[in-house]
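Q: Please read through the structure below; I'll follow up with questions.
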Ligand SMILES: *Cc1c(COP(=O)(O)O)cnc(C)c1O
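In our numbering, the protein residues as written are 5 to 402.
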C-alpha cells in the first residue's frame, strides 16, 4: 500500500491544484484591452453584444447583463415582486446568495429538502413547503445538473408561483434538449472565475417575458428609464430627460468585463466538451470503488458539470470526511465542500432557522467533497486526482 503524504509519504503530484479555475487566453486578453482603448468602458456596445450572445446561445428572448450572480438573483426577486413577508422556496445545498436575495426584498427563504441521490431540490419537498404566502421558487441547478424542471414547473403553475432558476452552475446544460436559460420564468447566471465562463465578476438574467424583462432592466439601473412608453411625462423638460420610476440599484457590468464574457462565450462549446470528458473519466474510475458514491444523473439533463462531487460512504471508511479532505490536501489536491447547508450559518440561525429542517441535505452534506473539475485540467491532472482518491481509500477502507 502506498504511504499517504499526510503520513510522510510522497504526494501524488508536485504542484497544488484547486477545485476550479478559469481559462483565460491571449484572445480574451486582447478583447479586454481593445475595449479599454475604446470610447466606452461601461454602458457601451460590448454589454449589448454580451446580452445578444447569451440570448442566441440559450434561445431566450431577453438577457440582461449585470455585475454578478448575486445581483442577478436580487433583480429576479425584484421583478418577481417579492416583498415583505413573502415566502420563496429554495434549497439549502447552495451558495448563500440563492437565499440571501429573498431577504434583500424583505421576504423569507423557505428551505426544501433535496433528492438523496442527485442532491438537487426535491419537487415533492417543494410542494410540501408551499403556504398562502409562497410567491416564488428559486430552483438551483446544483453542480450543473438541471433541476427536475417539468415537475417543478407544474407545481409552480398549480400554485401560481414565479419560477426562478439559479443557473450559476449550469451554463451549457440542456434540459430535454433545450438550453438552460430558455426554460424558467427567469434564469440567473454568474461569471465568477470558478464558473463555466468568467468576466472576473459578472452575471445575467434571461427571460422570455417582456414584462419581467422591463422590470429587470429598471432594477439593475436605478429604476431609471428613457423609454418614452414607460415615462410619465416624456417631454416634460426636454429631450435630455429621463425618469426614475421605481427604486433600482447600480448592478451594471462594465464593457471590458462584457468583452471578456463575449470572448469566453466563443470557447463555451469547448469548455462544455472538456468538462463532460473529465466527468466521464471520473465516473469510470469511481464506479468500482464502493467507498465513493457517485452523484446520480437526472436523465432529462444533458449536463455540463460545474462541480464534481464525490460522496464518501463513511460507514465503509475508518477516516472522517475531514481526515479525507486533509489527506487530499497533503497529496496536493485542494478540494472544497459545496455546501454547508445555508440555514446552518450563524446569520440564519439568529433568524430562527433550526438545524434538522432538511434532514436529507444535512446527511448528504456530511459526506460530500468537490474534487478538481475545470477545462484547463490536463489528463495527467485528472489521473493524479483519481490516484490520490484510490490511495486514500486504500489506506482507510474497512
Ligand atoms: C456563484 C453562485 C452565485 C453567486 O454568484 P456571484 O457571481 O458570485 O455573485 C449564486 N448562486 C450559486 C448557486 C452560485 O454558485
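Here a beta-carbon is modelled for each residue, glycine too, at the ideal position from N, C-alpha and C. Here the structure is a predicted model, which means the values were calculated and not measured.
Note down, in chain order, each residue of its chain lying with its Cβ closer than 8 angstroms to the Cβ of residue 232, except the 5 sequence neighbours on either side.
A: Excluding residues within five positions, the ones whose Cβ falls inside 8 angstroms are 238.
Q: Give a single yes or no on whether residue 99 has its beta carbon closer than 7 angstroms to a heavy atom of ligand 1.
A: Yes, ligand 1 has a heavy atom inside 7 angstroms of this Cβ.
Q: Ordered along the chain, which non-local residues of its own chain (more than five positions away) have a Cβ less than 7 angstroms from that of residue 187?
A: Once the five neighbours on either side are set aside, the close Cβ partners of residue 187 are 153, 169, 179.
Q: What separation, rounded to the nearest whole angstrom, lies between the Cα atoms of residue 41 and residue 222?
A: Their backbone Cα atoms lie some 29 angstroms apart in a straight line.
Q: Quick check on this structure: which residue in 226, 401, 292 has the alpha carbon closest to the alpha carbon of residue 327?
A: Among 226, 401, 292, the Cα nearest to that of residue 327 is on 401.
Q: Between the stretch 98-116 and the stretch 77-84, do at least 3 Cβ pairs fall closer than 8 angstroms?
A: Cβ pair count under 8 angstroms is three or more, so yes.
Q: Just checking, does the stretch 305-321 make contact with the stretch 63-72 on the three C-beta pairs under 8 angstroms criterion?
A: With the cut-off at 8 angstroms, the stretch 305-321 and the stretch 63-72 do not touch.
Q: Just to check, is the beta-carbon of residue 377 closer than 7 angstroms to a non-hydrogen atom of ligand 1?
A: Every heavy atom of ligand 1 is 7 angstroms or more from the Cβ of residue 377, so no.
Q: Note down the Cα distance separating residue 147 from residue 240, rounded to an integer number of angstroms.
A: When rounded, the distance between both Cα atoms is 51 angstroms.
Q: Mind checking which residues open and close the alpha helix (DSSP H) that includes residue 39?
A: Note, residue 39: alpha helix (DSSP H), 30-40.
Q: In angstroms, rounded to a whole number, what distance separates the CA positions of residue 368 and residue 323?
A: Each residue's Cα considered, the two are about 17 angstroms apart.
Q: Looking only at DSSP bridge pairs, what is residue 179 linked to?
A: Residue 179 is bridged to 182, 305.
Q: Alpha carbon to alpha carbon, what distance is there between residue 357 and residue 348?
A: So the two alpha carbons sit approximately 8 angstroms from each other.
Q: DSSP state of residue 250, grouped into three classes?
A: It is coil, neither helix nor strand.
Q: Look up residue 374 in the DSSP assignment and give the residues it is bridged to.
A: Looking at the DSSP assignment, residue 374 forms a beta bridge with 313, 340.
Q: Would you check if the distance between the CB atom of residue 165 and the CB atom of residue 143 is smaller than 8 angstroms?
A: Not closer than 8 angstroms, so no.
Q: Note down the Cα distance separating residue 128 from residue 50, rounded to an integer number of angstroms.
A: Each residue's alpha carbon lies about 42 angstroms from the other.
Q: What number of angstroms, rounded off, separates the C-alpha of residue 62 from the C-alpha of residue 9?
A: Roughly 45 angstroms separates the two Cα atoms.
Q: Residue 211: buried (16+ other C-beta within 10 angstroms of its C-beta) or exposed?
A: That one is buried.
Q: Measuring alpha carbon to alpha carbon, tell me which of 344, 301, 346, 359 ends up nearest residue 119.
A: If we check each option's Cα against that of residue 119, 301 comes out closest.
Q: Roughly how many angstroms lie between the CA atoms of residue 134 and residue 157, to the nearest whole one?
A: If you take the alpha carbons of residue 134 and residue 157, they lie about 14 angstroms apart.
Q: Any idea what DSSP makes of residue 427, helix, strand or coil?
A: Residue numbering for the chain in the displayed model covers 5 to 402; residue 427 lies beyond these limits and cannot be assessed.
Q: My parser needs the beta strand (DSSP E) runs of 3 or more residues fully inside the stretch 66-140; what are they?
A: DSSP runs (the beta strand (DSSP E)) wholly in the stretch 66-140: 66-70, 91-94, 112-115.
Q: Please find out if some non-hydrogen atom of ligand 1 comes closer than 7 angstroms to the beta-carbon of residue 205.
A: Within the cutoff, so yes.
Q: What do you reckon, are the CB atoms on residue 191 and residue 184 nearer than 8 angstroms?
A: A contact, by the Cβ cut-off of 8 angstroms.
Q: For residue 38, tell me which candidate among 66, 267, 329 has the shortest Cα-Cα distance.
A: Measuring from the Cα of residue 38, the nearest candidate turns out to be 267.
Q: Sorry if obvious, but does the Cβ on residue 119 come closer than 7 angstroms to a heavy atom of ligand 1?
A: Every heavy atom of ligand 1 is 7 angstroms or more from the Cβ of residue 119, so no.
Q: Restricting to Cα atoms, I'd like to know which of 117, 261, 345 is closest to residue 53.
A: The candidate whose alpha carbon is nearest that of residue 53 is 261.
Q: Would you mind reading off the limits of the beta strand (DSSP E) that contains residue 167?
A: Start and end: 166-170.
Q: Let's see if you can read the secondary structure: which residues bound the beta strand (DSSP E) around residue 349?
A: Segment: none, residue 349 is in no beta strand (DSSP E) and carries neither H nor E.
Q: Label residue 56 either buried or exposed according to how many other C-beta atoms from any shown protein chain fall within 10 Å of its C-beta, with 16 as the threshold for buried.
A: So residue 56 ends up on the exposed side.
Q: Which class does residue 187 belong to by DSSP, given the choice of helix, strand or coil?
A: Residue state, collapsed to three classes: coil.
Q: Please confirm whether residue 83 and residue 216 have their CB atoms less than 8 angstroms apart.
A: Contact flag set, yes.
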